[in-house]
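In what follows, a structure is listed as structure tokens, so that the remarks can point back to it.
Numbering (the working numbering), first residue to last: 12 to 204.
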């Protein structure tokens with residue numbers, strides 16, 4: 012079997028119209044707003060065990076790239092961050108530009124945009140269960156890469172090892188479950204007509 016065949020599926024679905032921008036504009040805008048709102052709701056489910064909380068936002072971030080594609084997924088994450096300039100939608104207690112510039116977890120917010128974009132790009136061709144899981148895992152690395160880098164400088168950790176531990180390694184088991192869950196949901200929805 013061709014290894015590329017494991018990552019792709021020839022099946023086209025109604026999700027593809029949203030992903031490639033051919034769905035009616037009202038549907039696209041509604042879904043962009045919906046995924047920004049899901050991200051905001053996911054931010055409110057948080058568990059603080061150390062500097063960066065566990066949240067459910069990444070489910071919406073990963074889903075935005077898969078379900079909306081690179082352009083609309085990126086727009087939904089930009090909308091979420093813009094909303095955070097005016098409303099308390101972030102996982103922390105604040106909002107506004109000052110909060111965004113000073114929060115130790117702001118790098119993750121920047122990573123939301125990159126992750127959604129990259130997941131959308133990669134899953135355009137890699138749309139099987141294996142492909143979407145790989146696309147989402149790679150997007151997750153972008154998200155955590157941005158988050159860990161910001162955390163390292165904002166929190167003043169002495170070593171990169173400490174930043175990687177507190178900003179990524181502790182999240183890996185739960186994030187792998189999120190990656191698999193979103194990938195299963197997405198590929199399941201692609202099977203629907």
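For every residue, glycine included, the Cβ atom is placed at its ideal position computed from N, Cα and C.
Computed from a prediction, not measured in an experiment: that's the story for all the values here.
- In the DSSP annotation of this structure, the continuous segment of the alpha helix (DSSP H) that includes residue 79 starts and ends at 68 to 94.
- Here DSSP, grouped into helix, strand and coil, assigns residue 101 to coil.
- In its chain, beyond the 5 residues on either side, 103 have a beta carbon closer than 6 Å to the beta carbon of residue 114.
- By the neighbour-count definition (other C-beta atoms within 10 Å, threshold 16), residue 179 is a buried residue.
- Per DSSP, the unbroken alpha helix (DSSP H) holding residue 111 starts and ends at 108 to 113.
- DSSP, reduced to helix, strand and coil, places residue 202 within a helical segment of the structure shown.
- Contact between residue 158 and residue 122 holds: CB atoms are separated by about 5 Å, below the 8 Å threshold.
- Looking at 196, 202 and 203, the one whose alpha-carbon comes closest to that of residue 75 is 196.
- In this structure, the alpha-carbon of residue 118 lies about 23 Å from that of residue 191.
- Per the coordinates, the alpha-carbon of residue 52 lies some 11 Å from the alpha-carbon of residue 99.
- In the displayed model, residue 58 falls within a strand according to three-state DSSP.
- Distances from the CA of residue 144 to each of 175, 28, 198 and 156 were compared; the closest alpha carbon is that of 198.
- Membership of residue 27 in the alpha helix (DSSP H) is indicated by the continuous run 25 to 30.
- Under the criterion of beta carbons closer than 8 Å, residue 101 and residue 54 qualify as touching, at roughly 6 Å.
- Bounds of the alpha helix (DSSP H) holding residue 176 are 171 to 178.
- In this model, residue 171 and residue 148 are separated by some 22 Å (Cα to Cα).
- Inter-segment contact for the segment 64 to 73 and the segment 24 to 31 is absent: fewer than three beta-carbon pairs are separated by less than 8 Å.
- Taking all protein chains shown into account, residue 61 has fewer than 16 neighbouring C-beta atoms within 10 Å of its C-beta and is therefore exposed.
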